[in-house]
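Protein chains: 2
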Amino acid sequence: MYNGERKRISDAVVKRLPKYYKCLVNLAQENVERTSSQELSRLLGFTASQIRQDFSNFGEFGQQGYGYNVEQLSKAIAKILGLNTVHKMIIIGAGNLGQALANYVNFDVHGFKTMAIFDVNPKLIGLKIREVPILDIDKMKDFIDENDIEIAVITVPQDRAAEVAQILSETNISGIWNFAPTELNVPDHIIVENVHLTESLFTLSYRINEVKISKMNTF
Amino acid sequence: MYNGERKRISDAVVKRLPKYYKCLVNLAQENVERTSSQELSRLLGFTASQIRQDFSNFGEFGQQGYGYNVEQLSKAIAKILGLNTVHKMIIIGAGNLGQALANYVNFDVHGFKTMAIFDVNPKLIGLKIREVPILDIDKMKDFIDENDIEIAVITVPQDRAAEVAQILSETNISGIWNFAPTELNVPDHIIVENVHLTESLFTLSYRINEVKISKMNTF
DNA sequence: TAGATTGTTAATCGATTAACAATC
DNA sequence: TAGATTGTTAATCGATTAACAATC
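What follows is the structure, given as structure tokens:
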């Protein structure tokens, strides 16, 4: 696989990319210079074969007999993930979750810059969280246009999510990070990444329940 | 598939269960009495075949020519997910995210009861969030034992996560809902469900970047 | 050179989809 | 009864793993 554009990369692969990236950053921090699919396999719990297969979707980053240069590979994956550029974000919903995300310094470190937070609550409008102003949601559309916002983070309650999505649909936003527990209806050119917390908790509940049942049947 | 214990259900199936459940609850609220794999397919975007295949892992819930009774099926899936019992939780970390989760009324509705929040910050210890006390993390282990806590939610910073996991490993906890951006090292009998927000954001970034590149190549 | 490790092709495994007999 | 729809078996598709020639 030599090119950077051909076939669609499966979600399975894309979800592993951040894990590769983090692992490589860790290795770099420990001043490890080179690594191999075998070492990464040990560290990440994927097979070495899968790791090589995954990388080969994006190019040839290694060298026979040597492996991979940690620094180089980590930079390559950063670029693949789009972490080599700044992404301007807004957060919609200044509740606990919105504030939690606004306070997450880690996003800044990786180039995700929160430019503003929007809310309907007059008590919150005008306040700031870590230099980031909370603005009236009525000003959101103009703000997006004027500031070339790329990513919108939705942390409003479920019953507000549809109207927010509607407004965003009329902007040049590229992606939505959606924390509202509902599927959003937006045009195809807007990428949506859902974080459905309730579903995640229910999944945990299922697995716990599964263990409980199997124990009951054992005795 | 007639039994409730045999082969391990794949993650792919388990992750769809909460979606089925939500959809059925919605239908029930609209007083819809019966549905079919075809209707669910339309509502959820999975194939009717997959939906029937998924359900068949857990039993026979339908009737030829009729379909599924909404009420019945929704109750059956609730039970499969373990939503028919109360799950006692604690939240570890009273920062924004911990507080956000403590305020999520929706979890209560489904039987996930937050009994306490734990933190190291003396300024927070003693306060309450929606009746839930914030306690000193030193008291966590005893609290878990005395109150039969089933689920621990970890919202502490990455560098605190390992020690928290260590303490939890010595308790009778059944599951961990982990928001710290690291893999936890816990015994096999503790189920871990990870919510890695940074990975989720990077995934979004990848897909946005992908579109950008393909546009560049088009022109 | 000998040993190590890549990138890739082929084989395997598992998940999704299609087809259909059973039957409400 | 005729039409609808299930649960399940078989076919297909896609993702993971194994194997290995190429080569540093």
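Those sequence lines, one after another, are chains A and B. What the first sequence shows, in the numbering used here, is residues 31 to 249, in sequence order. What the second sequence shows, in the numbering used here, is residues 31 to 249, in sequence order. In this text, a Cβ means the ideal position worked out from N, Cα and C, and glycines have one as well.
Exercise for review: Could you please give the first and the last residue of the uninterrupted alpha helix (DSSP H) stretch that includes Val-100 (chain A)?
Suggested key: 100-110
**Study point:** Local conformation of Gly-2 (chain A) per DSSP, three classes
**Key:** Examination of residue 2 (chain A) is not possible in this model, given that chain A is present from 31 through 249 alone.
Review point. Which bits of chain B does Glu-69 (chain A) rub up against, with CB to CB less than 8 Å?
Key: Neighbours of Glu-69 (chain A) on chain B: none; closest Cβ ~16 Å, over 8 Å.
Review point. Whose CA, out of B:Asn-208, B:Gln-93, B:Val-55, lies closest to the CA of Thr-185 (chain B)?
Key: B:Asn-208
Review point. What whole-angstrom Cβ distance do Val-241 (chain A) and Ile-221 (chain B) have, given they're in contact under 8 Å?
Key: 7 Å
Review point. Between the stretch 88-102 of chain A and the stretch 169-183 of chain A, do at least 3 Cβ pairs fall closer than 8 Å?
Key: no
Review point. According to DSSP, what are the bridge partners of Asn-208 (chain B)?
Key: B:Ile-184, B:Asn-224
Practice item. Assign Val-19 (chain A) to one of three DSSP states: helix, strand, or coil. Key: Since the first residue shown for chain A is 31 and the last is 249, residue 19 (chain A) is missing from the structure and cannot be characterised.
Review point. Where Val-139 (chain B) and Gln-80 (chain B) are concerned, what is the direct C-alpha to C-alpha distance, given to the nearest angstrom?
Key: 29 Å
Practice item. Using a cut-off of 9 Å between C-beta atoms, extract the partners of Gln-228 (chain A) located in chain B. Key: Per the sequence presented here, residue 228 (chain A) reads as Thr, with Gln not at that position. Here the neighbours are Pro-48, Lys-52, Tyr-134, Asn-136, Phe-137, His-140.
Practice item. Could you pull out every residue in the same chain whose Cβ sits closer than 7 Å to the Cβ of Arg-38 (chain B), ignoring the five residues on either side in sequence? Key: none
Review point. Is DSSP giving Lys-37 (chain A) helix, strand or coil here?
Key: coil
Review point. What distance in whole Å lies between the Cβ atoms of Glu-101 (chain A) and Ala-58 (chain A), which are believed to be in contact at a cut-off of 8 Å?
Key: 6 Å
Point to revise | Sequence-distant residues of its chain with Cβ nearer than 7 Å to Lys-49 (chain A) (five each side left out) | key: Leu-74
Point to revise | DSSP three-state assignment for Val-162 (chain B), whether helix, strand or coil | key: strand
Review point. Are the stretch 125-133 of chain A and the stretch 126-139 of chain B touching by the rule of at least three beta carbon pairs closer than 8 Å?
Key: yes
Check your understanding: What residues of chain A sit near Lys-45 (chain B), judged by a beta carbon separation below 8 Å?
Key -> Glu-229, Thr-233
Review point. Is the distance from the Cβ of Ser-204 (chain A) to the Cβ of Ile-155 (chain B) below 8 Å?
Key: no
Point to revise | Distance CB(Phe-173 (chain B))-CB(Leu-111 (chain A)) smaller than 8 Å | key: no
Check your understanding: Is there a Cβ from chain A that is less than 8 Å from the Cβ of Ser-204 (chain B)?
Key -> yes
Check your understanding: Relative to chain A, which residues along the stretch 105-121 of chain B have a C-beta separation below 8 Å, given in chain order?
Key -> Ile-110, Leu-111, Gly-112, Leu-113, His-117
Check your understanding: Can you tell me whether DSSP reads Ile-174 (chain A) as helix, strand or coil?
Key -> helix
Review point. Which value, in whole angstroms, describes the spacing of the CA atoms of Ile-159 (chain B) and Ile-206 (chain B)?
Key: 21 Å
Review point. Which residue comes first and which comes last in the alpha helix (DSSP H) that contains Ile-81 (chain A)?
Key: 78-85
Practice item. Express the C-alpha separation of Glu-229 (chain A) and Ser-40 (chain B) in angstroms, rounding to a whole number. Key: 16 Å
**Study point:** Run of the alpha helix (DSSP H) containing Phe-137 (chain A), from where it starts to where it stops
**Key:** 135-139
Review point. Under the rule that 16 or more other beta-carbon atoms within 10 Å means buried, what is Met-170 (chain B), buried or exposed?
Key: buried
Check your understanding: For Lys-153 (chain B), does the count of other Cβ atoms within 10 angstroms reach 16, so buried, or fall short, so exposed?
Key -> exposed
**Study point:** Presumed contact (8 Å Cβ cut-off) between Ala-146 (chain B) and Pro-163 (chain B), rounded CB distance
**Key:** 6 Å
Check your understanding: Would a check of beta-carbon distances place Arg-267 (chain A) closer than 8 Å to chain B?
Key -> Residue coverage of chain A in this structure runs from 31 to 249, which leaves residue 267 (chain A) outside it and unanswerable.
Review point. Based on the DSSP secondary-structure assignment, which residues constitute the bridge partners of Gly-92 (chain A)?
Key: A:Tyr-98
**Study point:** Inter-residue spacing [alpha-carbon to alpha-carbon] between Met-246 (chain A) and Thr-65 (chain A)
**Key:** 46 Å
Review point. Could you give the distance in angstroms between the alpha-carbon of Met-119 (chain B) and the alpha-carbon of Asp-149 (chain A)?
Key: 30 Å
Point to revise | Leu-127 (chain A): contacting residues in chain B (beta-carbon distance under 7 Å) | key: Ala-130
Practice item. Could you pull the start and end residues of the alpha helix (DSSP H) that Glu-69 (chain B) belongs to? Key: 67-74
Check your understanding: Quick one: what's Arg-64 (chain A) bridged to in DSSP?
Key -> A:Asn-99
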